[in-house]
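For the protein sequence lines, the chains are A and B, in the order given. Read in order, the letters of the first sequence correspond to residues 1 to 493 in the numbering used here. Read in order, the letters of the second sequence correspond to residues 1001 to 1493 in the numbering used here. Don't be surprised by glycine CBs; every beta carbon is placed ideally from N, CA and C. Take a look at the structure below.
2 protein chains.
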Amino acid sequence: MSRDADWTRFRQWSRTLTDLAGASSLAGWDRETGMPPAGGEGRARMLGTLAAMHHREVVRDDIGAVLARLSEDPGGDEARAAMVRLAVRDRERALRVPESLVRALSEASSRCVMAWIEARPADDVGSWCDALAPLVDLTRERAQALAGDGGEPYDSLLDEFEPGATAAQLEPLFAELREGLAPILEAAAGHGRPLPAARWDRDAQMGIAHLIGDLVGFDRESGAIAQSAHPFTCSPHVGDVRFTTRTREDDPIGNVTAVMHEAGHALYDQGMPAEHAGTPVHAAPSLGAHESQSRFWENHIGRTRAFWSLMTPHMQAAFPDAMADLDDDALYHAATFVEPSFIRVEADEVTYNLHVILRFELELALIRGDLAVTDLPDAWNEKMRKLLGIVPGTHTDGVMQDIHWPEGMFGYFPTYTIGSIYAAQLAEAAEQELGPLEDLTREGEFDGVLAFLRERVHRHGATLSAQELISGATGLPQRPDELLSHLRRAYTA
Amino acid sequence: MSRDADWTRFRQWSRTLTDLAGASSLAGWDRETGMPPAGGEGRARMLGTLAAMHHREVVRDDIGAVLARLSEDPGGDEARAAMVRLAVRDRERALRVPESLVRALSEASSRCVMAWIEARPADDVGSWCDALAPLVDLTRERAQALAGDGGEPYDSLLDEFEPGATAAQLEPLFAELREGLAPILEAAAGHGRPLPAARWDRDAQMGIAHLIGDLVGFDRESGAIAQSAHPFTCSPHVGDVRFTTRTREDDPIGNVTAVMHEAGHALYDQGMPAEHAGTPVHAAPSLGAHESQSRFWENHIGRTRAFWSLMTPHMQAAFPDAMADLDDDALYHAATFVEPSFIRVEADEVTYNLHVILRFELELALIRGDLAVTDLPDAWNEKMRKLLGIVPGTHTDGVMQDIHWPEGMFGYFPTYTIGSIYAAQLAEAAEQELGPLEDLTREGEFDGVLAFLRERVHRHGATLSAQELISGATGLPQRPDELLSHLRRAYTA
Chain A
1 MSRDADWTRF
11 RQWSRTLTDL
21 AGASSLAGWD
31 RETGMPPAGG
41 EGRARMLGTL
51 AAMHHREVVR
61 DDIGAVLARL
71 SEDPGGDEAR
81 AAMVRLAVRD
91 RERALRVPES
101 LVRALSEASS
111 RCVMAWIEAR
121 PADDVGSWCD
131 ALAPLVDLTR
141 ERAQALAGDG
151 GEPYDSLLDE
161 FEPGATAAQL
171 EPLFAELREG
181 LAPILEAAAG
191 HGRPLPAARW
201 DRDAQMGIAH
211 LIGDLVGFDR
221 ESGAIAQSAH
231 PFTCSPHVGD
241 VRFTTRTRED
251 DPIGNVTAVM
261 HEAGHALYDQ
271 GMPAEHAGTP
281 VHAAPSLGAH
291 ESQSRFWENH
301 IGRTRAFWSL
311 MTPHMQAAFP
321 DAMADLDDDA
331 LYHAATFVEP
341 SFIRVEADEV
351 TYNLHVILRF
361 ELELALIRGD
371 LAVTDLPDAW
381 NEKMRKLLGI
391 VPGTHTDGVM
401 QDIHWPEGMF
411 GYFPTYTIGS
421 IYAAQLAEAA
431 EQELGPLEDL
441 TREGEFDGVL
451 AFLRERVHRH
461 GATLSAQELI
471 SGATGLPQRP
481 DELLSHLRRA
491 YTA
Chain B
1001 MSRDADWTRF
1011 RQWSRTLTDL
1021 AGASSLAGWD
1031 RETGMPPAGG
1041 EGRARMLGTL
1051 AAMHHREVVR
1061 DDIGAVLARL
1071 SEDPGGDEAR
1081 AAMVRLAVRD
1091 RERALRVPES
1101 LVRALSEASS
1111 RCVMAWIEAR
1121 PADDVGSWCD
1131 ALAPLVDLTR
1141 ERAQALAGDG
1151 GEPYDSLLDE
1161 FEPGATAAQL
1171 EPLFAELREG
1181 LAPILEAAAG
1191 HGRPLPAARW
1201 DRDAQMGIAH
1211 LIGDLVGFDR
1221 ESGAIAQSAH
1231 PFTCSPHVGD
1241 VRFTTRTRED
1251 DPIGNVTAVM
1261 HEAGHALYDQ
1271 GMPAEHAGTP
1281 VHAAPSLGAH
1291 ESQSRFWENH
1301 IGRTRAFWSL
1311 MTPHMQAAFP
1321 DAMADLDDDA
1331 LYHAATFVEP
1341 SFIRVEADEV
1351 TYNLHVILRF
1361 ELELALIRGD
1371 LAVTDLPDAW
1381 NEKMRKLLGI
1391 VPGTHTDGVM
1401 QDIHWPEGMF
1411 GYFPTYTIGS
1421 IYAAQLAEAA
1431 EQELGPLEDL
1441 TREGEFDGVL
1451 AFLRERVHRH
1461 GATLSAQELI
1471 SGATGLPQRP
1481 DELLSHLRRA
1491 YTA
């Protein structure tokens, strides 16, 4: 075949994969936002079928030769070369894991999620461990299959979520962060304070969600905002980028930080290079890169005094009763209240990364075979004591709190902290370009901020690796310094 | 391969097709209910990919031999035999149309829908005809390919929507109906009267929609109700059956009749034989059979005086102002107002089938080559005059009103009237079994009605043909008599 024919074939194949993934993504969105209760089993099966079709399409024989020829000489620009490189990488990963192992993993994780659901009400950590152990064994087998001979098996898991990252690089990075966080946490504990009890109308909170979306530049013509139990962003295809938030009647802050976080993800997806839609570069290069955007908006804009000054009149208009005796200071303090706590998804900005480091250290030990699943609950509590100075009273508030390990997601948690590190570096670079973010935030002038992120990050899609992307955007090496100095400034002044 | 292995393979294949169709259906639902405006192009592409994957899976080589062996000896019960028979039929249809023709048709219909959208504001029937003509030519080519040598090409189009129906059978059936309708229309014109102008809160209308759903037995645990521009029902998989309604602030009746109509479809889908989920018999045997359920609830329950007596207190509670001077009689008269009008989807129960007959006669002539597209607008107006005694002032209110021909759907319209005929026959059979429907309706006692439909219709799925199903359920041959006597009773008393 000629290179043009190869290229056409490649684009078709790539578009099919994109559309199948988009259909899955949409079915997942609907599951969380619109599906009736009895639809769970049918939806799981449908998603299984779509995943199987996707896998079958990825590994289909006839594309192998096309990719081989295009790898040698993709023609065209850097973007083309990146598309082919990413496609080859994904296909090789898919080919390396035998189908029997894929199926065994899928079954083990289904069982483990079931066990997780059943074990939590009774705090039955034994049953949970019994279901997790075979899943960890199979995950280690998968990691070995992906890594081939030599190499750190954990890296091959990490590679799925954060291509290019390695344990060898993350261990010192996270150790340095952990050390830097200890004195900050000591000084910051007690920063801020929760709001007094009040009723915050949930419809009015959705009004605030849309108002924030408009403020930061989220394009409603190609987007939507809904509610779900756990906030997430979903981008089934160009022209359709949605996110959810969570509203609680006893708290107005969680909605706002969730909206800032998910809007960060959504703005990124709306800013992907449209000319590369339907190819592997119309995406973030890693979850850490994606998280850099959500953390940027959530923490570097959304947890500032300036942001809450901007929000206060809107909050007063939306919640006249609850806001009657509250000012911007009260909101700001509630959004920056620091207190060591058990649950990661509810953690404040200072302690959050300690929750991630804990999981990283434990899962690395599990995959290396240095820690047995039976010893995991005690190891968890011990690390909580060391990192956060508290020990959960139940395993449900401890090792059993997240769904991600039972889902088989190992190598995933670190991307949160990589994202926070990147976000802090981007915030510094943005300030050098635009002046103090606080000043822009106070005025609600986010056009320049978004343009900066579009130019430095979004428009590149996955043509660069995450590290290339962020070091190109910031001029900085991957390091925790900017995150630490941000937290020091924000919480220990 | 052993029969068991063939059977396993068949079930997998069938499940994949079901899930792909379910994913398309869900993406279509979302397009009408949640998709942001800019998502249209991406969604069309995604749906195109899913349809292509479905087609590729239907015609895949390796399933041919499996189906051939199972056709000879399916083993098991009648349901198995029906599954194999339906699968073979669908696969043979798919194989008969060359891919180049499929693509040409898809492009021609896309162009024609675009032309339809553009032509309507200017009432530019010439452009519309220009775009429709090649689509009709390609459709005739497709009909020929499907029909093979001999046979009526139109039948092969009809077969997609109403398997087993033929022009030879529909022509006398519809002619008889048309003759029977003429005196009824003459006597019924002026029956009922519209409501006086008022404002009907749209949220309250959605409350009524849910109330009706609960009343007729729609299971909200496995279903949902939303709003869209055109009401429809969507059933992506077991445990998830949704429908939409349309609310207008100046009219409370359209919502109620739409809910009764779509709930009829949805109850059918919720009553499909669960043990056959993921196979071709977990479906209605035809669109006419499906429409029999929607028309049953809409017309034989929902347009009765008893139904509006039942609804009146709920309407008074939902719309205290608008209902202040209205009683059940006013609502009943509004729901049964008869007046020849131009637009099919707004037509009353008496004239509706004349709109369908008009389309059937015209599309049959088009496919047979007896009518050129350039003569279609005049032929439309002439038939309107003959059948309904009125001629539209614009082609937008005439030949250009529906999207279905521009979509390439020929052989589809007759299913509406087949459904109305079946619904009337089912209503007579239900009365024989349960006593007068009006009595049950007045009390809101729909359990027995639903049980009757579940037993006689729903549980059979597509194990029987539509005609076998309805004649089995009613003991009646396909004929217009019951529909005509129902209309006579309801509108000419």
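Counting only runs of 4 or more residues that sit fully inside the region 1039-1095 of chain B, the alpha helix (DSSP H) segments are 1040-1058 and 1062-1072, in chain order. Between B/GLY1034 and A/GLY239, the C-beta gap is not smaller than 7 Å, which leaves the two residues out of contact. Nearest C-alpha to B/ILE1343 among B/ASN1299, B/ALA1322, B/ILE1403 and B/ASP1325: B/ILE1403.
Taking one beta carbon from each stretch, the region 1368-1375 of chain B and the region 1143-1150 of chain B have fewer than 3 pairs nearer than 8 Å; the two do not touch. Per DSSP, the continuous alpha helix (DSSP H) segment holding B/VAL1216 begins and ends at 1202-1216. The Cβ of B/VAL1238 sits closer than 7 Å to at least one Cβ of chain A. Within the DSSP bridge table, the entry for A/VAL241 names A/GLY223 as partners. For B/PRO1236, the secondary structure class from DSSP, reduced to helix, strand or coil, is strand. For the region 1036-1061 of chain B, the beta-carbon criterion of a distance under 9 Å to any beta-carbon of chain A is satisfied by PRO1036, PRO1037, ALA1038, GLY1039, GLY1040, GLU1041, GLY1042, ARG1043, ARG1045, MET1046, LEU1047, GLY1048, THR1049, LEU1050, ALA1052, MET1053 and GLU1057. Taking the beta carbon of B/ARG1220 as reference, the chain A residues within 7 Å of it are PRO36, listed in sequence order. At least 7 Å separates the CB of A/THR8 from every CB of chain B. Counting along the chain, no alpha helix (DSSP H) covers A/ALA277, and no H or E run does either. Residue environment for A/GLY393: exposed (fewer than 16 other C-beta atoms within 10 angstroms of its C-beta). Chain A places a beta carbon closer than 7 Å to that of B/THR1016, counting this residue as a contact.
For the region 1108-1149 of chain B, the continuous alpha helix (DSSP H) assignments of 4+ residues that do not extend past its boundaries occur at 1125-1147, in sequence order.
By the neighbour-count definition (other C-beta atoms within 10 Å, threshold 16), B/ARG1248 is an exposed residue.
As computed with DSSP, A/ASP370 is found in no beta bridge at all. Counting only Cβ-Cβ distances below 7 Å, A/GLY223 has contacts in chain B at PRO1036, in chain order. Annotation: the region 1275-1350 of chain B contains the following complete segments of the alpha helix (DSSP H) (minimum length 4 residues), in chain order: 1287-1295, 1305-1318 and 1328-1335.
A distance below 7 Å separates the beta carbons of B/GLY1278 and B/THR1018.
Taking every protein chain shown into account, the CB of A/ARG242 has 16 or more other CB atoms within 10 angstroms, so this residue is buried. The straight-line gap separating the alpha-carbon atoms of A/ILE184 and A/LYS383 is approximately 18 Å. Here B/ARG1246 is not near B/ALA1263, since their CB atoms are 7 Å or more apart. In the structure shown, the three-state DSSP call for B/ASP1447 is helix.
Under the 8 Å Cβ criterion, the region 1289-1297 of chain B counts as touching the region 1410-1423 of chain B, having at least three qualifying pairs. When B/GLN1401, B/CYS1234, B/THR1441 and B/ARG1003 are compared, the shortest CA-CA separation from B/PHE1296 is found for B/THR1441. In the same chain as A/ALA462, and ignoring 5 residues on each side of it, the C-beta atoms closer than 7 Å to its own belong to ALA82, LEU86, PRO280, VAL281, ALA283, ALA284 and PRO285, in chain order. Interface flag for A/LEU26 against chain B is set, since a Cβ pair is found closer than 7 Å.
Burial check for B/PRO1172: the Cβ neighbour count within 10 Å stays below 16, so the residue is exposed. Bounds of the alpha helix (DSSP H) holding A/ASP30 are 3-33. DSSP, reduced to helix, strand and coil, places B/ARG1199 outside both helices and strands of the structure shown, so it counts as coil.
Contact between B/LEU1105 and B/GLY1444 is ruled out by a C-beta separation of about 47 Å, above the 8 Å threshold.
When C-alpha distances from A/ASP321 are compared across A/ALA197, A/ALA119, A/SER228 and A/ALA182, the shortest belongs to A/ALA197. Within the region 1135-1169 of chain B, contact with chain A at the beta-carbon level (separation under 8 Å) is assigned to no residue. Excluding its 5 nearest sequence neighbours in each direction, B/LEU1132 has C-beta neighbours in its own chain below 6 Å: CYS1112 and VAL1373, listed in chain order. DSSP places B/ARG1248 in the strand class (E or B) of the three-state scheme.
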